[in-house]
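Below is one structure, written out as structure tokens, with a few remarks after it.
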Amino acid sequence: MRTYTLVFLMLFAVGGSLAQTGLPFEHVEISIDTNRFNLRDHSLIFRGERHLAFRYSQDEQVAEIALYPTDARFFETHKLRLLPSGDYDILDSLTYIDPGYFRFRLRFKSISKSDFHRLSFEISGPTGDQNKSVALLPYYDTRARIERGEDDLYIGEEKRFEISTNNLANLVLDETWQRTDDFEYRLFERNGIGYLALIPLTLGVKELNITLATRRPSLHEGRPVYSLPEMNLGFLVKGSRLTFLRTDKKRVIMERDNRDGTEIQIDNHRLLEMHKTYRIEDQEESGGPLIAELYTVRALSNDKVLCIIRPYQLHRTTDGYLYVKDGDSPRFITNINISPEATVTQVSILREGSDWTTDRNIRPGEIIEVRIEGQGLEQARFYFEDLEVIQRDSITRTDRSVSHRLRVPVTLNKKFIEIYNQDRKTGFTLGVREYERPRPLDFVTVNYGEGNIVANTLNQIILYDHTVRDIVLGFDYNAIDDTDYFFGKQILEIDIRILGTRGELIEMQKIEHVEICPGPASPRSAFYQSKTCNREDIRINEHLTRKTQNLDEWSRIELNIRHKKDRYGGAGYTQRIVIVLRKLVTFDVDVSFPAGLVIKRVGVDGFPGLSGISLAMLAQFSFYDKERIRKLKPYKVGAGFLAQNAFNFNPENTQRDLGIVLLGSVYPTRLDGKLTFPLFAGCGYFINEERFFFLIGPGIRVSF
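FYI, the numbering for the sequence shown is 1 to 704, going by my numbering.
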């Protein structure tokens, strides 16, 4: 650990605070095995960003992370959450530990083969959510050497040397052939062992210089280094017992329908005869299986011979040499890959946040990963008609699987995308389908007499004072698709219910299928249009027997607008709109029995006693509460007739008279009372007595 301590003391001056990261922590610490690394003492600037550097010991490394808040009170009002990642599995969730720090454990996945490691956090608070992260730089002190056996090599003969290393997964072994003046070589891995494959090209004592690259760096003087020290390898190269003839091609495809063979160029040799067919086998002894036939056409000016090769069996250069025979007698050696014709058996698609699927439908504007499976794919060159290739996944390219990352253009004007292998169709296509995602109902407008109102803003009961002549549903076709996010056709259904004054159901209708297509503002507008697209406003009265303008006061109109969820896999939005036909004033004729009235006649001194039971017949105005449904205010105003002492039939009664009155009355607010006692006050004119009067007093009202 003393060596690494000295290394970290030489890191860039990055300070001890985490303010530059945007995280409310003064200290972040990661524990690996018995070692601890923190962002204050073990950080460095890499690619313009501060990284927490730590040494790992295995690819599936388990780590414990501790976060020390700058101010513990900050998390009394904010919530911290560790976001998931494909680079690690969370073993222990984020937990607050007394006396004041957060702790969690995780396991990295294939740490040597992943790039751009970081811990991402979501901080939720009163002002909203924000994402912050800490960049990580895992490093490893990788060592490797080439295991040397005998130093003698032979021209054209491939020889393998094992690579001894303490971390094979961290070495870049790309299996690509490299060429120098004296050698052809490649680095590759088989069955968990790294190899150097070497083919000498010239005679004598030759030297090969190789620098191995690493996926994860090591640290030297505070700097990340992605390569190992150069290795100098010396060899004695001798001539072969059989002359090695090099070909201009590394690979030949064995095609079923190719009877004419494939043209190749091979090294010329004085013993190589023209216009002769040679047999190619994979063993020097006689009786070997026929791998291919080689027909020499003519000698070329570049000291090569033009030949026709007709392969019959598959062969890989790693399987050994090929022997060019005249009959059963070997004359030369060579080597070439004979690969099967590229055959595609399956095409799968991966979308972000989803799993691989064999459904080959794609949608404009999305980014997808396409995996092609089959055989003979290592040298195939696939082309996707009109799609943009973002990345060809050369790391996972094998003879049986190839992956490409693609972007589907927004303006794509085809229904099917052909997949080509070079200039030949593979027989597989990608279908172009338009999006059908439910959009919030902000593109629907409702006009019941107050202009167009966005449907999903009508979340409260509407109390409307005027006659509803009609309800018109309109659609903003250009508001459906955003510039870079498409929703596609919106399939709606609408339920209509009409309820009477007492809440009884008067009529119920349903508009089963309303198809709304995005308008010209959408780049995909031309591809949505069809005969089923709705292009007109929907007038509710056209679907009703009882028209809205004929409804009584306090009737209810209920609209339920929703997506057809069977078209969207159960997803969708619903908006319920309720309109109540409100009245502020109502008029009726009321009969009541005032009793005990105090009547003051104009021009008569003093107050008389209480009157007997009278009969009042009034035309009255009642007033409704503006904020409540069918809730009357406790007062009324009316005019009519008052029969004073109408039920006193005593012949000596001189108080009976008929008056014309203007009355105001106050009623109890209870709705369940059958017998109520209103209070009257007003003025009038007695017809017989021909005198004006004022009155006040209670009454009796019976309701049924």
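All C-beta atoms, glycine included, are put in the ideal place defined by N, C-alpha and C.
Based on the DSSP output, what are the partners of residue 526 in its beta bridges?
DSSP output for residue 526 lists no bridge partner at all.
For residue 644, count the other beta carbons within 10 Å of its own beta carbon; 16 or more makes it buried, fewer makes it exposed. Which is it?
Residue 644 should be labelled buried.
Would you kindly report the start and end of the unbroken beta strand (DSSP E) that includes residue 574?
Note, residue 574: beta strand (DSSP E), 574-581.
Buried or exposed for residue 478, going by 16 or more other Cβ atoms inside 10 Å?
The residue in question, residue 478, is exposed, as its Cβ has fewer than 16 Cβ neighbours within 10 Å.
Count the other CB atoms within 10 Å of the CB of residue 110; is the residue buried (16 or more) or exposed (fewer)?
It counts as exposed.
Leaving out five residues before and five after residue 94 in sequence, what residues of the same chain have Cβ atoms less than 7 Å from its Cβ?
Around residue 94: 80, 81, 82, 102, 104.
Whole angstroms are fine: how far does the CA of residue 496 sit from the CA of residue 565?
For residue 565 and residue 496, the distance between alpha carbons rounds to 18 Å.
Would you kindly report the start and end of the unbroken beta strand (DSSP E) that includes residue 486?
Per DSSP, residue 486 belongs to no beta strand (DSSP E) and is neither H nor E.
Please return the same chain residues whose Cβ sits closer than 7 Å to the Cβ of residue 694, not counting the five positions on each side in sequence.
Contacts found: 600, 683.
Give me whichever residues DSSP pairs with residue 375 in a beta bridge.
Residue 375 pairs with 343.
When the Cβ atoms of the stretch 320-336 are set against those of the stretch 276-285, are three or more pairs found closer than 8 Å?
The answer is yes - the stretch 276-285 touches the stretch 320-336, with three or more Cβ pairs under 8 Å.
Which one or two residues does DSSP pair with residue 311 in a beta bridge?
DSSP lists 292 as partners of residue 311.
Using C-beta distances below 7 Å, list every residue in its chain close to residue 440, excluding the 5 sequence neighbours before and after it, in chain order.
Once the five neighbours on either side are set aside, the close Cβ partners of residue 440 are 456, 573.
Compute the Euclidean distance between the alpha carbons of residue 585 and residue 661, then round it to the nearest angstrom.
Roughly 21 Å between the two C-alpha positions.
In chain order, what residues of the same chain have a beta carbon less than 6 Å from the beta carbon of residue 514, not counting five sequence neighbours either side?
Correct list, in chain order: 492, 534.
What does a CB cutoff of less than 6 Å around residue 640 pick up in its chain, not counting 5 residues either side in sequence?
These residues qualify, in order along the chain: 617, 618, 619.
Can you list, in chain order, the residues of its chain whose CB lies under 8 Å from that of residue 689, leaving out five sequence neighbours each side?
Here the set comprises 601, 657.
If you draw a straight line from the alpha carbon of residue 171 to that of residue 158, how long is it in whole angstroms?
About 22 Å.
With a 10 Å radius around its C-beta and 16 neighbouring C-beta atoms as the bar for buried, classify residue 330 as buried or exposed.
Residue 330 comes out buried.
In whole angstroms, give me the CA-to-CA distance for residue 276 and residue 268.
Going from the Cα of residue 276 to the Cα of residue 268 covers about 14 Å.
Helix, strand or coil for residue 543 per DSSP?
Of the three classes helix, strand and coil, the one that applies to residue 543 here is helix, per DSSP.
So the alpha helix (DSSP H) residue 76 belongs to, where does it begin and stop?
Unbroken alpha helix (DSSP H) run through residue 76: 74-77.
Could you check the C-alpha separation between residue 425 and residue 194 for me, to the nearest Å?
Rounded to the nearest angstrom, the two C-alpha atoms are 37 Å apart.
Measuring alpha carbon to alpha carbon, tell me which of 368, 577, 345 ends up nearest residue 356.
The residue with the shortest Cα to Cα distance from residue 356 is 368.
Where does the unbroken beta strand (DSSP E) through residue 214 begin, and where does it stop?
Its beta strand (DSSP E) spans residues 213-220.
I'd like the span of the beta strand (DSSP E) that includes residue 108, first residue to last.
First-last of the beta strand (DSSP E) with residue 108: 101-108.
For residue 566, which three-state DSSP category applies?
Helix, per DSSP.
Could you say which of 202, 443, 498, 233 lies nearest to residue 556 if we only look at CA atoms?
The residue with the shortest Cα to Cα distance from residue 556 is 498.
Could you pull out every residue in the same chain whose Cβ sits closer than 8 Å to the Cβ of residue 100, ignoring the five residues on either side in sequence?
Result list for residue 100: 68, 69, 72, in chain order.
Taking only the alpha-carbon atoms, compute the straight-line gap between residue 92 and residue 107 and give it to the nearest angstrom.
Residue 92 and residue 107: Cα-Cα distance of roughly 10 Å.
Less than 8 Å between C-beta atoms, sequence neighbours within five positions excluded: which residues of the same chain meet that for residue 668?
Only 634, 676, 677, 678 meet the Cβ criterion.
What's the gap between the Cα of residue 686 and the Cα of residue 642?
So the two alpha carbons sit approximately 9 Å from each other.
Thinking just about the alpha-carbon of each residue, which of 49, 296, 292 is nearest to the one in residue 117?
Taking only the C-alpha atoms, the option nearest residue 117 is 49.
What are the start and end residues of the beta strand (DSSP E) that includes residue 224?
Element bounds for residue 224: 223-227.
Between 466, 520, 449, which lies nearest to residue 482 when the distance is taken from Cα to Cα?
The shortest Cα separation from residue 482 among 466, 520, 449 belongs to 520.
Is DSSP giving residue 470 helix, strand or coil here?
Coil.
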